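Student: For the sequence shown, position 148 matches number 148 in full-length UniProt numbering, and the numbering has no gaps at all. Quick one: the structure is below, and I'll ask about it shortly.
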Amino acid sequence: MLDLLHTFLAVYRAGTLTRAAESLGLSQPTVTAQLRGLESRIGQPLFVRGARGVTPTAAADDLARRLDGPMDALAGVVGGLLGTPGPAGRTLHLGGPAELMTARVLPSLAGTVEAGVSVRVRLGLADDLLAELSDGRLDLVVSAVRPRRAGIHAEPLYDEEFTLVAAPMFLSARDRADVHELPLLAYAEELPIVRRWWRHVLGGPPPRRAVLVVPDLRALRAAAVAGIGATVLPRYLVADDLTDGTLTEILPTEDPPINTLYLATRAATRDEPHIAGARAALLSRARFW
């Protein structure tokens, strides 16, 4: 039964029977037979076969969630017994959004570097980084969108929570209750982050163009601190500012908009020691972000 579950997880992560067979060192007919054997034993289908691969059913998603940690832990035990090389001397190629990487991700990898792993970082947008992950140029990506590429394994890492903030000195000269009159600072002309907060909290679009547009959340924070206007930022980026009063939260809500960030790896390489170690460190530390 353990072999069947191992094969199932390989298929689930790879997205195709062919790639799963390659990662397992088995023939495709053997993988197909094992998968059918497992489906027969549990009494329900796990995948819908298609021209470009397999699509997991709800039962497969549930089973994969239950197996993910235990099977990886078992693989680590087996690797230790067989003397599999450790992470020291390897290079981890990591990608993610600049702001989260700077504030949270890189500080969480201190132990990875101490273990002898060199880290090389690419900052950028999710689609570009996921393409590099698929091509083998990156090992691990923190993605602001859920990856849906064949052969990519993704798991939730962190829910970033958004809040509308401004400097107290900026608000003191204005009626903070009239939020629609506030000069806005935005990441892009379309106000994607501001617009999402506005619709979620106030039920409609923001009323005006931004007075300042800069594609860097850290720059927006600096502009807000300087009293240029109000902006929507992830809470992790302004937590200290809100605590010490450098920034003030406008219209706080118990139901803020959130965005789930995912940790993405290639299914074929995610168990390599330097990748698995970094992945485990991030999943552990993200609980305290």
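Glycine included, every Cβ here is placed at the ideal spot set by N, Cα and C. In this text, all values refer to a predicted model and were calculated from it rather than measured experimentally.
(1) Is E190 helix, strand or coil when you go by DSSP?
(2) Taking the runs of the beta strand (DSSP E) that are 3 residues or longer, which of them lie wholly in the segment 81-134?
(3) The alpha helix (DSSP H) that contains S27, what's its start and end?
(4) Where do the ends of the beta strand (DSSP E) carrying P206 lie?
(5) By the DSSP assignment, the beta strand (DSSP E) with A167 in it spans what residues?
(6) Using the DSSP secondary-structure output, state which residues sit across from I152 in a beta bridge.
(7) If contact is defined by three or more beta carbon pairs under 8 Å, each pair taking one atom from either stretch, is the segment 51-68 in contact with the segment 84-93?
(8) State the start and end residues of the unbroken alpha helix (DSSP H) segment that holds T253.
(9) Give me the Cα-Cα distance between M1 and Y12, rounded to the nearest whole angstrom.
(10) Output yes or no for whether 7 Å exceeds the beta carbon distance between T269 and L140.
(11) Figure out for me which residue from P107, S134, L109, S143 has the closest Cα to the Cα of residue 335.
(12) Drop a sphere of 10 angstroms on the beta-carbon of P234, count the other beta-carbons inside from all chains shown, and report buried for 16 or more, exposed for fewer.
(13) What is the residue span of the alpha helix (DSSP H) that V238 lies within?
(14) Counting along the chain, where does the beta strand (DSSP E) carrying L140 start and finish?
(15) Name the DSSP bridge partner or partners of P56?
(16) Sort A51, G53, L35 by Cα distance to P45 and report the nearest one.
(17) I'd like the list of long-range same chain contacts for I228, defined as Cβ closer than 8 Å, with 5 residues on each side in sequence excluded.
(18) Can you tell me which of the three DSSP states D159 falls into?
(19) What did DSSP end up calling V31 once you bin it into helix, strand or coil?
(20) Under 6 Å Cβ to Cβ from L38, same chain only, skipping five residues before and after it: list those, please.
(21) Is the segment 267-282 touching the segment 98-118 in the sense that three or more CB pairs, one from each, lie closer than 8 Å?
(22) DSSP three-state label for T7, please.
(23) Considering only their Cβ atoms, is the gap separating G151 from A51 smaller than 7 Å?
(24) So, with DSSP's three-state summary, where would you put P225?
(25) DSSP three-state label for V179, please.
(26) Please report the straight-line C-alpha distance between P257 and T30, rounded to a whole angstrom.
(27) Who does A230 pair with in a DSSP beta bridge?
(28) Nearest to R148 by alpha carbon, out of Y236, A33, A239, A126?
Tutor: The structure says:
(1) Here the question's residue 190 lines up with position 190 in the sequence shown. Here E190 sits in coil by DSSP.
(2) 91-96, 118-123
(3) In the sequence shown, counting from the first residue as 1, residue 27 sits at position 27. It is not in any alpha helix (DSSP H) - S27 carries neither H nor E in the DSSP assignment.
(4) The count along the sequence shown starts at 1 and reaches residue 206 at position 206. Taken as a continuous stretch (DSSP letters only), P206 belongs to no beta strand (DSSP E), as it is neither H nor E.
(5) Locating residue 167 in the sequence shown gives position 167, counting from the first residue. From DSSP, A167 is part of no beta strand (DSSP E); its letter is neither H nor E.
(6) Your numbering for residue 152 matches position 152 in the sequence shown. I152 is bridged to R266.
(7) no
(8) Position 253 of the sequence shown holds residue 253. It is not in any alpha helix (DSSP H) - T253 carries neither H nor E in the DSSP assignment.
(9) In the sequence shown, counting from the first residue as 1, residue 1 sits at position 1. In the sequence shown, counting from the first residue as 1, residue 12 sits at position 12. When rounded, the distance between both Cα atoms is 16 Å.
(10) Along the sequence shown, read from residue 1 onward, the residue named residue 269 stands at position 269. Along the sequence shown, read from residue 1 onward, the residue named residue 140 stands at position 140. Contact: no.
(11) In the structure as shown, the chain begins at 1 and stops at 289. Residue 335 is therefore absent and cannot be evaluated.
(12) For the purposes of this step, residue 234 is identified with residue 234 of the sequence shown, where counting begins at 1. Flag for P234 reads buried.
(13) Walking along the sequence shown from the start, residue 238 turns up at place 238. 235-244 is the span of the alpha helix (DSSP H), which, as asked, contains V238.
(14) Locating residue 140 in the sequence shown gives position 140, counting from the first residue. Unbroken beta strand (DSSP E) run through L140: 140-143.
(15) As a position in the sequence shown, residue 56 is number 56, starting the count at 1. F47, per the DSSP bridge assignment.
(16) Here residue 45 corresponds to residue number 45 of the sequence shown, with the count starting at 1. With distances taken between Cα atoms, P45 lies closest to L35.
(17) Walking along the sequence shown from the start, residue 228 turns up at place 228. Closer than 8 Å at Cβ, skipping near neighbours: F170, P183, L185, V211, L212.
(18) Taking the first residue of the sequence shown as position 1, residue 159 is located at position 159. Looking at D159 - three-state DSSP - the assignment turns out to be strand.
(19) As a working note, residue 31 is residue 31 in the sequence shown. Helix.
(20) Position 38 of the sequence shown, counting from 1, holds the residue named residue 38. Closer than 6 Å at Cβ, skipping near neighbours: L4, F8.
(21) yes
(22) What you label residue 7 is simply residue 7 of the sequence shown in a count that begins at 1. Helix at T7.
(23) Working through the sequence shown from its first residue, we reach residue 51 at position 51. Working through the sequence shown from its first residue, we reach residue 151 at position 151. For A51 and G151, no; Cβs fall outside 7 Å.
(24) Counting from 1 along the sequence shown, the entry for residue 225 is found at position 225. Note that residue 225 is Val in the sequence shown, not Pro. Helix at V225.
(25) If you number the sequence shown from 1, residue 179 lands on position 179. Three-state DSSP puts V179 in a helix.
(26) Here residue 257 refers to the residue found at position 257 when the sequence shown is read from its first residue. Here residue 30 refers to the residue found at position 30 when the sequence shown is read from its first residue. Answer to the nearest angstrom: the Cα atoms are 46 Å apart.
(27) Looking up residue 230 in the sequence shown gives position 230. L184.
(28) As a working note, residue 148 is residue 148 in the sequence shown. Nearest of Y236, A33, A239, A126 to R148, Cα basis: A126.
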